[in-house]
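K.L.:
Mind having a look at this structure? Questions to follow.
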Amino acid sequence: MTVVLPRICAGLLALALGICSVPALAADATASGNAVPPPSLIPAPAKLQALPGEFVITSATRLHARGDDARAVARHFQGWLGRALATPPIVDDNASDGTTGDGVEFVLDPQAGGAAEAYQLEVTPQGIRVIASDPRGLFYGAVTLWQLATPAADGALRIGALRIDDAPRFGWRGFMLDSARHFWSVDEIKQLLDAMALHKLNTFHWHLTDDQGWRIEIKKYPKLTDIGSCRTPAGDAGRDANGKPVNYCGYYSQQQIREVVRYAAERHITVLPEIDVPGHAQAAIAAYPELGVLGTRPPVSNQWGVHSYLFNTEESTFRFLEDVLTEVIDLFPGRYVHVGADEAVKDQWQASARVQARMRELGVADEFHMQSHIIKRLEKFLEAHDRRLIGWDEILEGGLPPEATVMSWRGTEGGLEAAKQGHDVVMTPKSHLYLDYLQTGSTEEPPGRPAQVTLAQVYGFEPVPKALDASLRHHILGLQANLWTEHTRTVARLHHHLFPRLAALAEVGWTPVARKDYADFLQRLPAQVQRYEQLGIGYAKTPFQVIIGAPQLEEGTTSARVELQNPLGYAVHYSVDGSEPSVHSPRYQQPLSVSLPTTLRAAAFFDGKPLAAPNSRLIDSTALLTRHEDELDTCPDAGRLLLRLEDDGPREGSRALFNVTIFNPCWRWVDAPLRDVARVQVRAGQIPYYFQLAHDEKNRKFEPAATAHGELLLRTGDCKGEPVARVALPAQPDADGFVTLQAALPPSARNAQALCLNFSGDTRPTMWVLDQVRLQRAE
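Residue 728 in numbering that gives the first Met the number 0 sits at position 729 of the sequence shown; the count goes up by one each step and never skips.
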């Protein structure tokens with residue numbers, strides 16, 4: 000039987016132009032009286048119309064496709080269903096005309112019209128049909144169908160009848176992975192590409208070179224990987240049990256690169272390579288010192304931050320870069336090549352007589368124009384090889400090549416200026432789309448930057464600035480999220496950072512503005528989490544857990560005040576008797592007053608079910624007098640660069656985490672209950688100061704040590720003035736990497752409202768960090 004698809008809004012072309020009406024998803028489903036729950040699709044389609052009836056996919060269902068491209072899509076769909084059905088449906092390679100109608104049909108029809116990547120999908124009780132004018136659209140239609148086929152409670156793949164007309168808002172929907180700071184295996188990259196495809200993302204930006212590692216094989220320059228792909232990590236992570244250096248290494252052979260590019264193309268993802276110039280070049284200069292300004296061989300860096308090493312400005316170095324790009328072009332067939340150009344501190348160029356002479360030879364006015372000269376030369380080289388240059392927004396400085404595309408990361412201002420100049424732009428501001436920023440305030444977040452980029456911030460980002468004239472808005476190609484991996488050394492942490500925020504990114508990039516609704520997105524998100532579990536994706540649990548705040552003693556009572564919060568605002572239920580909370584347990588409405596001791600357990604719920612395992616906390620007198628470092632504030636003058644850092648050891652296995660401001664490490668316990676406190680016990684650790692700060696070095700502050708190895712200093716109130724207590728530090732911590740210190744608190748300090756703690760002595764080469772503080776009352 001043939002399923003006839005009625006024309007709606009004159010097909011996909013009208014949809015792509017935005018002239019179709021966009022009814023609300025939930026309203027359509029409710030109006031139809033369909034017994035099947037409204038579909039929880041992410042990203043939300045441009046148009047969905049619920050229809051009467053349903054279709055059930057079973058192992059006996061046939062997948063019909065005609066032609067190699069359509070059959071490839073059908074086989075992807077078959078593979079996705081393999082996790083839900085013991086025996087997935089058979090792909091019918093013999094479908095002759097794409098109109099059999101007795102199962103699921105995947106139809107490529109150039110006459111279907113519409114924009115690239117658009118598709119139509121119709122489900123009736125008689126069958127399912129996905130149709131598109133190009134393979135990308137057909138693939139995304141299959142992704143939508145896979146989401147519709149999420150197993151019901153009884154395990155059936157029951158899909159309510161409906162009609163979807165869909166097309167993406169933006170043509171660039173990207174994600175960048177940093178493989179230079181931490182290396183990811185080909186299998187891990189493939190798993191990421193699979194997940195990107197199922198979020199309808201189409202650009203994988205691969206950061207392959209940096210100060211900490213060169214990760215791509217260049218046959219003409221083998222030392223780039225022989226030397227440049229290995230570093231010795233700082234501290235205990237870089238030594239074995241006998242104290243001998245242990246290197247961290249990894250690179251992709253050209254064969255592996257081709258394998259990744261092919262695998263991505265099969266999922267309609269373009270791989271964008273990045274070779275960073277003129278900065279972030281220390282690994283390359285370690286391999287070939289003649290490429291640098293100083294002429295000496297530095298180590299491949301084991302530190303994070305902004306480094307000083309730049310490529311020099313010699314003609315031979317320009318030829319080196321062109322040689323590298325020649326091999327890169329051969330490996331990556333996509334239109335764009337990324338040349339970085341960010342954070343290139345010009346100090347070495349300014350101090351070099353040879354670079355200054357070279358600038359005069361070239362008629363270059365200053366160091367910014369020198370960088371612009373290099374970028375323009377590479378742009379001409381790429382254009383001659385049928386490629387386009389793209390770089391971070393610093394390429395605007397000193398003048399921009401005419402065909403260059405800007406990736407705006409320091410905000411949207413660079414993208415706005417580039418679009419006004421007539422350049423294409425990809426928006427990727429760190430304020431909304433840097434996924435190494437933590438996503439909640441939970442103490443269970445992994446290492447990263449505690450300045451948060453929440454799910455709501457990602458979802459709320461608008462790539463097209465209001466200040467941009469309508470006639471220039473076509474220059475906004477789309478958006479991209481980035482994950483820098485200085486603090487991400489395991490794939491579990493990688494997935495934690497990515498999911499579910501990648502789902503929010505997907506909806507921003509795909510769904511029309513009029514269809515976006517964050518509250519509705521949160522209603523659909525639990526179904527997406529079920530898909531993550533089905534796929535084995537280790538998504539972040541913290542957004543779905545309950546944060547149990549640090550308890551505060553209620554004045555004049557023996558009770559404690561405790562606040563609960565779910566970061567996404569889902570309903571919270573709790574118990575105070577140690578039992579497992581359920582939807583029938585009390586619902587959290589306001590801060591709790593609990594007697595001591597109490598074991599408080601809490602979980603977030605949706606549709607009567609917990610979204611994650613409950614969190615629990617023992618509230619007793621010890622808890623009132625104890626704080627871990629991630630429950631403390633920073634001191635008022637501690638500086639702006641707060642990081643959540645990982646201990647440097649042990650080399651293998653789990654490590655302690657510390658929240659620390661690396662410019663001026665100082666911790667503050669606001670409202671510390673100091674009355675009757677006689678002593679303060681502090682557990683502290685020591686980690687390498689592995690940061691290159693460039694021009695921010697002047698912001699690094701520390702108090703001079705009054706003893707050989709520095710002191711623990713205690714202050715009260717606003718953290719200023721003379722310390723109320725000092726404790727000398729040892730030469731090194733104990734065998735476990737920590738030391739426990741005891742400081743007597745004088746009676747004059749016991750009426751203060753805050754306790755401040757810091758360590759004196761230079762923070763280089765190692766710095767002391769706070770792990771836990773415990774107040775001890777007089778006996």
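Glycine included, each C-beta is placed from N, C-alpha and C at the ideal position.
All values derive from a computational prediction rather than experimental measurement.
List in chain order: all unbroken alpha helix (DSSP H) runs of 4+ residues lying wholly within the segment 98-160.
P.N.:
134-147
K.L.:
Specify the secondary structure class of Y587 as computed by DSSP and reduced to three states.
P.N.:
Three-state result, Y587: coil.
K.L.:
What is the DSSP secondary structure of P525, counted as helix, strand or coil?
P.N.:
helix
K.L.:
To the nearest angstrom, how far is the alpha carbon of I618 from that of T487?
P.N.:
32 Å
K.L.:
Considering just the uninterrupted stretch of the alpha helix (DSSP H) at F380, what are its terminal residues?
P.N.:
E366 to A383
K.L.:
Can you list, in chain order, the residues of its chain with a C-beta nearer than 7 Å to that of I256? Leave out the 5 residues immediately preceding and following it.
P.N.:
I215 and L330
K.L.:
Pick out whichever of N201, L744, H494 and G648 has its Cα sitting closest to the Cα of W509.
P.N.:
N201
K.L.:
With DSSP as the reference, label A30 as helix, strand or coil.
P.N.:
In this prediction, A30 scores a pLDDT of 36, lower than 50, which makes its location untrustworthy; the coordinate-derived value is nonetheless stated afterwards. In the three-state reduction of the DSSP assignment, A30 falls in the helix class.
K.L.:
Hey, quick one: how far does the beta strand (DSSP E) through I686 stretch, first residue to last?
P.N.:
V676 to P687
K.L.:
Report the start-end ranges of each alpha helix (DSSP H) in the segment 246-303 that is 4 residues or longer and not cut off at the edges.
P.N.:
Along the length of the segment 246-303, whole alpha helix (DSSP H) runs at least 4 residues long occupy 253-265 and 281-286, reported in chain order.
K.L.:
Nearest to T86 by CA position, among V72, Q110 and I56, is which residue?
P.N.:
I56
K.L.:
Candidates L137, A115 and D225: which alpha carbon is nearest F169's?
P.N.:
Out of L137, A115 and D225, A115 has the C-alpha closest to the C-alpha of F169.
K.L.:
Out of curiosity, what's the CA-to-CA distance linking Y220 and G212?
P.N.:
15 Å
K.L.:
Can you tell me where the alpha helix (DSSP H) holding I188 begins and where it ends?
P.N.:
V185 to L197
K.L.:
Could you tell me the alpha carbon to alpha carbon distance between G398 and K465, rounded to whole angstroms?
P.N.:
25 Å
K.L.:
Please identify the residue among R560, G648 and T621 whose C-alpha is closest to the C-alpha of R776.
P.N.:
T621
K.L.:
Taking DSSP as the reference, what is the three-state secondary structure of H495?
P.N.:
The answer is helix: DSSP assigns H495 an H, G or I state.
K.L.:
Give the straight-line distance between the Cα atoms of P445 and P566, rounded to the nearest whole angstrom.
P.N.:
If I take the Cα positions, the gap works out to 16 Å.
K.L.:
Within the segment 640-727, note down every full beta strand (DSSP E) run reaching 3 residues or more, in order along the chain.
P.N.:
641-645, 656-660, 665-669, 676-687, 710-715 and 724-727
K.L.:
Under a Cβ-count criterion, where at least 16 other Cβ atoms within 10 Å of its own Cβ denotes burial, should G362 be classed as buried or exposed?
P.N.:
exposed
K.L.:
Could you check what DSSP says for W348 in three-state terms: helix, strand or coil?
P.N.:
Three-state DSSP puts W348 in a helix.
K.L.:
Beta-carbon within less than 7 Å of L107's beta-carbon, same chain only, minus the 5 sequence neighbours each way: which residues are those?
P.N.:
G66, D68, A69, A131, P134 and L137
K.L.:
Give me the residue from D770, R749 and A753 with the minimum Cα distance to E645.
P.N.:
Here the closest residue by C-alpha is D770.
K.L.:
Find out if the Cβ-Cβ distance for the pair D790, A282 is shorter than 8 Å.
P.N.:
The requested residue 790 is not part of the displayed model; the chain covers only 0 to 778.
K.L.:
Identify whether S581 lies in helix, strand or coil by the three-state DSSP scheme.
P.N.:
coil
K.L.:
By the DSSP assignment, the beta strand (DSSP E) with F54 in it spans what residues?
P.N.:
K46 to I56
K.L.:
Here's the rule I'm using: 16 or more other beta-carbon atoms within 10 Å means buried, otherwise exposed. How should Q60 be labelled?
P.N.:
With the sequence shown as reference, residue 60 is identified as Thr, and Gln is not the correct amino acid for it. It is buried - the Cβ of T60 has at least 16 other Cβ atoms within 10 Å.
K.L.:
Starting from Y458, follow the alpha helix (DSSP H) in both directions and report where the run begins and ends.
P.N.:
From DSSP, the alpha helix (DSSP H) with Y458 extends over L454 to G459.
K.L.:
Determine the closest residue to V292 out of T316, V305 and A549, with distance taken between C-alpha atoms.
P.N.:
T316
K.L.:
Pull up the CB-CB distance for H474 and V425, whole angstroms please, since I reckon it's below 8 Å.
P.N.:
Actually they are not in contact, since the Cβ atoms of H474 and V425 sit about 10 Å apart, beyond 8 Å.
K.L.:
Determine the extent of the alpha helix (DSSP H) in which F169 is found, giving its start and end residues.
P.N.:
Run containing F169: none; DSSP gives neither H nor E here.
K.L.:
By DSSP, does S620 sit in helix, in strand, or in coil?
P.N.:
helix
K.L.:
If you draw a straight line from the alpha carbon of P609 to that of Y531, how long is it in whole angstroms?
P.N.:
16 Å
K.L.:
Give the straight-line distance between the Cα atoms of W668 and V768, rounded to the nearest whole angstrom.
P.N.:
Going from the Cα of W668 to the Cα of V768 covers about 15 Å.
K.L.:
Any contact of the segment 190-197 with the segment 322-342, i.e. 3+ C-beta pairs under 8 Å?
P.N.:
no
K.L.:
For R376 and chain E, any beta-carbon pair shorter than 8 Å?
P.N.:
Annotation note: the requested chain E is absent from the structure, which comprises a single protein chain.
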